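Written below as structure tokens is the structure these notes are about.
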Amino acid sequence: MRISPSGEWSGISDSDPEATFSHVAKVLDAYKIAYLHIIEPRIKGDSTLHEGHPTVASKYLRPYFTGPIIAAGGFDREGAEAIVEAGVADLVAFGHHFTSHPDPPYGLKRKLPLTPYVRDAF
Numbered sequence: 011m012r013i014s015p016s017g018e019w020s021g022i023s024d025s026d027p028e029a030t031f032s033h034v035a036k037v038l039d040a041y042k043i044a045y046l047h048i049i050e051p052r053i054k055g056d057s058t059l060h061e062g063h064p065t066v067a068s069k070y071l072r073p074y075f076t077g078p079i080i081a082a083g084g085f086d087r088e089g090a091e092a093i094v095e096a097g098v099a100d101l102v103a104f105g106h107h108f109t110s111h112p113d114p115p116y117g118l119k120r121k122l123p124l125t126p127y128v129r130d131a132f
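Each residue of the sequence shown is one higher than the last, beginning at 11 in the working numbering.
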């Protein structure tokens, strides 16, 4: 299941995403779904809203979901390693980097810089 607690559509957003999505995470946990894929609030669609914004959504949902959490949205290698090492997420998704880098997993594993993505190509 993929959720975006801070998502906005046509000017509509949740007034208390932490309360709403904590409940969602608890309900989904009871169903023992395979994983929870959480979009951090620094990303909206193909746009970066808050460069350098800390990861918050995965952190506040971790206590409510016992299965694997995949965090996504604005990560670099260091940020991905940090959120996994902290136990907040089990995996990190790198969608945007796959549009401009020939093999992001290879580069991440070898600590190579990720090729900057070209937003106009999205």
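Where is the CB? At the ideal position from N, CA and C, for every residue including glycine.
Source: prediction; values computed, not measured.
### Query
Excluding five sequence neighbours on each side, which residues of the same chain lie with their C-beta closer than 6 Å to the C-beta of residue 32?
Excluding sequence neighbours, residue 32 sits near 74.
### Query
Do residue 39 and residue 77 have their C-beta atoms closer together than 8 Å?
For residue 39 and residue 77, yes; Cβs fall inside 8 Å.
### Query
Under the rule that 16 or more other beta-carbon atoms within 10 Å means buried, what is residue 122, buried or exposed?
With fewer than 16 other CB atoms across the displayed protein chains lying within 10 angstroms of its CB, residue 122 is exposed.
### Message
Taking only three categories from DSSP, how would you classify residue 20?
### Response
It is coil, neither helix nor strand.
### Message
Short of 7 Å in beta carbon distance, which residues of its chain neighbour residue 111, apart from the five on each side in sequence? Order them along the chain.
### Response
Residues of the same chain with a CB within less than 7 Å of the CB of residue 111, apart from the 5 flanking positions on each side, are 117, 124 and 125 in chain order.
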